[in-house]
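Right, one structure below, let's go through it.
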Amino acid sequence: MRTLFFVLVIFSVFLVGGIAFSQTSTPRLFGVINDKQPIQAKDFQQKREEIKEQIKKMRMEYKKELREKREEMKTKMDELRGQLRESLRERKIDEKKSLIVERIYERINALNERLTNHYLNVLEKLETMLERIESRTAKAKMNGKDVREVELAIEKAHDAINKAILAVKNQAEKIYQPPQITNEENLKLEVGKIRKQLLDDLKAVEKMVKEARDTLRQAAVLLAQIPKVDELEVPTTTTPSN
Amino acid sequence: MEQKKEVKKHINSLLILLVIVVIVGGVFFYWYWMMSKNRVPETIDTSKEVERVLLKEDSVSKIGEELNKIETLDLETEFKEIDQDLNSL
Numbered sequence: 004m005r006t007l008f009f010v011l012v013i014f015s016v017f018l019v020g021g022i023a024f025s026q027t028s029t030p031r032l033f034g035v036i037n038d039k040q041p042i043q044a045k046d047f048q049q050k051r052e053e054i055k056e057q058i059k060k061m062r063m064e065y066k067k068e069l070r071e072k073r074e075e076m077k078t079k080m081d082e083l084r085g086q087l088r089e090s091l092r093e094r095k096i097d098e099k100k101s102l103i104v105e106r107i108y109e110r111i112n113a114l115n116e117r118l119t120n121h122y123l124n125v126l127e128k129l130e131t132m133l134e135r136i137e138s139r140t141a142k143a144k145m146n147g148k149d150v151r152e153v154e155l156a157i158e159k160a161h162d163a164i165n166k167a168i169l170a171v172k173n174q175a176e177k178i179y180q181p182p183q184i185t186n187e188e189n190l191k192l193e194v195g196k197i198r199k200q201l202l203d204d205l206k207a208v209e210k211m212v213k214e215a216r217d218t219l220r221q222a223a224v225l226l227a228q229i230p231k232v233d234e235l236e237v238p239t240t241t242t243p244s245n
Numbered sequence: 160m161e162q163k164k165e166v167k168k169h170i171n172s173l174l175i176l177l178v179i180v181v182i183v184g185g186v187f188f189y190w191y192w193m194m195s196k197n198r199v200p201e202t203i204d205t206s207k208e209v210e211r212v213l214l215k216e217d218s219v220s221k222i223g224e225e226l227n228k229i230e231t232l233d234l235e236t237e238f239k240e241i242d243q244d245l246n247s248l
């Protein structure tokens, strides 16, 4: 009985994980083009357009979700701002300093929103570049070129982009708690703590975005090493390589 | 006399034929010259086509160019306003 329960738990974890991953994973051109089957240039282009459309749809859906989530977050943030104001008043903190603390708290959450939007834009561009690299790689493969290394690099880039997207999404949905107000002397220290927390979180996300960009660049570099790769197009009769 | 007239007639026919050959040759030459003249822009179009192919959105050169443009904002700069406020506490 215990074993059955254990197996069910493991199965559920994988199922939930699989669903979550499929929802966040970028649609792939490699997934719809079978290089063993000959394909016409027109069909190839059509598949590309379909993938682009799917990527666009996913982005729009997520942006809509995030907008709704942020509306909810606004209410929560208003509550937290009220609590902070109350706390500053209770501790009889100087009015001028109180205003500064409130402004910093406001800016912390605003900066998080601004930078997560920026990272999402960067990752959208990287996704677009990834699709283009896949298209050029598929064309090279259809012309009998050895693209195994490029394909491996593409897989790495794909994983790195998806991990970064997930990290940015989690970061975008964070609300920073107001600083603990004890007395005027500790004000700078307490406010400095949430400033540090935001900086550390953003640095971690930025690192993942930069890694995604670097892995994608690596794939592009490997692709560029194929002679005359930019001149290759979908052949009329494909000669797939193994 | 009759023979002389016959020879003159032949010469005239030959002259007419020569004139026709010259005119036809001239027309042909003019046509060939015009064709060669028209071929020049065709060569330019071909090179433009090659250039267009090289700048296709999925070309490595274009991808590399666009990847180099992708930059992330500088975090320290973004925190400047917060830091100014923090220092005034």
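Protein chains in written order, with my numbering: chain A, 4 to 245; chain B, 160 to 248.
All residues carry an ideal CB built from backbone N, CA and C; glycine is no exception.
Bear in mind that the values here come from a model prediction, so they are computed numbers and not experimental data.
Starting from residue i, trace the alpha helix (DSSP H) both ways and give me its first and last residue.
i: arginine 31 of chain A; result: Taken as a continuous stretch (DSSP letters only), arginine 31 of chain A belongs to no alpha helix (DSSP H), as it is neither H nor E.
i: leucine 102 of chain A; result: 98-145
i: tyrosine 65 of chain A; result: 44-93
i: leucine 232 of chain B; result: Segment: none, leucine 232 of chain B is in no alpha helix (DSSP H) and carries neither H nor E.
i: valine 232 of chain A; result: It is not in any alpha helix (DSSP H) - valine 232 of chain A carries neither H nor E in the DSSP assignment.
i: lysine 239 of chain B; result: 239-246
i: glutamate 152 of chain A; result: 151-175
i: threonine 218 of chain A; result: 190-227
Ordered along the chain, which non-local residues of its own chain (more than five positions away) have a Cβ less than 7 Å from that of residue i?
i: threonine 140 of chain A; result: Val150, Val153, Glu154, Ile157, Leu226
i: lysine 99 of chain A; result: none
i: serine 101 of chain A; result: Leu91
Pick out whichever of the options has its Cα sitting closest to the Cα of residue i.
i: lysine 87 of chain A; options: A/Glu109, A/Lys67, A/Arg73; result: Per the sequence shown, the amino acid found at residue 87 of chain A is leucine instead of lysine. Comparing Cα-Cα distances from leucine 87 of chain A to each of A/Glu109, A/Lys67, A/Arg73, the minimum goes to A/Glu109.
i: lysine 215 of chain B; options: A/Pro230, A/Met63, A/Asp46, A/Ile136; result: A/Ile136
i: glutamine 174 of chain A; options: A/Lys142, A/Asn115, A/Lys144, A/Glu134; result: A/Asn115
i: lysine 79 of chain A; options: A/Glu234, A/Ile178, A/Ile103, A/Thr218; result: A/Ile178
i: lysine 228 of chain B; options: A/Gln48, A/Pro30, A/Ser138, A/Lys128; result: A/Lys128
i: arginine 84 of chain A; options: A/Ile54, A/Gln180, A/Lys59, A/Arg31; result: A/Gln180
i: tyrosine 3 of chain A; options: A/Met132, A/Asp46, A/Ala170; result: An answer regarding residue 3 of chain A cannot be provided, because it is not within the stretch 4 to 245 covered by chain A.
i: valine 237 of chain A; options: A/Lys172, A/Arg31, A/Ala44, A/Leu32; result: A/Ala44
i: aspartate 233 of chain A; options: A/Ser138, A/Glu214, A/Leu202, A/Lys196; result: A/Ser138
i: leucine 226 of chain B; options: A/Leu118, A/Lys231, A/Thr218; result: A/Thr218
i: glutamate 74 of chain A; options: A/Glu176, A/Thr131, A/Ile58, A/Ile42; result: A/Glu176
i: arginine 62 of chain A; options: A/Arg106, A/Arg94, A/Asn120; result: A/Asn120
Looking at chain C, is there any beta carbon in it that lies within less than 8 Å of the beta carbon of residue i?
i: threonine 236 of chain B; result: The displayed structure is made up of protein chains A and B, and chain C is not among them.
For residue i, collect the residues of the same chain with a Cβ closer than 8 Å to its Cβ; drop the 5 residues on either side in sequence, then sort them by chain order.
i: leucine 248 of chain B; result: none
i: threonine 205 of chain B; result: For threonine 205 of chain B, the predicted structure reports a pLDDT of 46, less than 50, and the residue's modelled location is therefore unreliable. The matter cannot be settled from this model.
i: valine 104 of chain A; result: Leu87, Leu91, Ile96, Pro182, Ile184, Leu190, Val194
i: serine 172 of chain B; result: none
i: leucine 126 of chain A; result: Ile164, Ala167, Ile168, Val171, Val212, Ala215
i: isoleucine 54 of chain A; result: Pro30, Arg31, Leu32, Val35, Glu134
For residue i, collect the residues of the same chain with a Cβ closer than 6 Å to its Cβ; drop the 5 residues on either side in sequence, then sort them by chain order.
i: isoleucine 229 of chain A; result: Ala143, Lys148
i: lysine 207 of chain B; result: Only weak support is given to the placement of lysine 207 of chain B: the predicted model assigns it a pLDDT of 49, under 50, and the question is left unresolved by the model.
Q.
Taking contact to mean 3 or more Cβ pairs, one atom from each stretch, closer than 8 Å, check whether the stretch 225-233 of chain A and the stretch 141-152 of chain A are in contact.
A. yes
Q) Does the count of Cβ pairs from the stretch 158-172 of chain A and the stretch 92-112 of chain A closer than 8 Å reach three? A) no
Q) Do three or more CB pairs link the stretch 202-216 of chain A to the stretch 181-191 of chain A at distances below 8 Å? A) no
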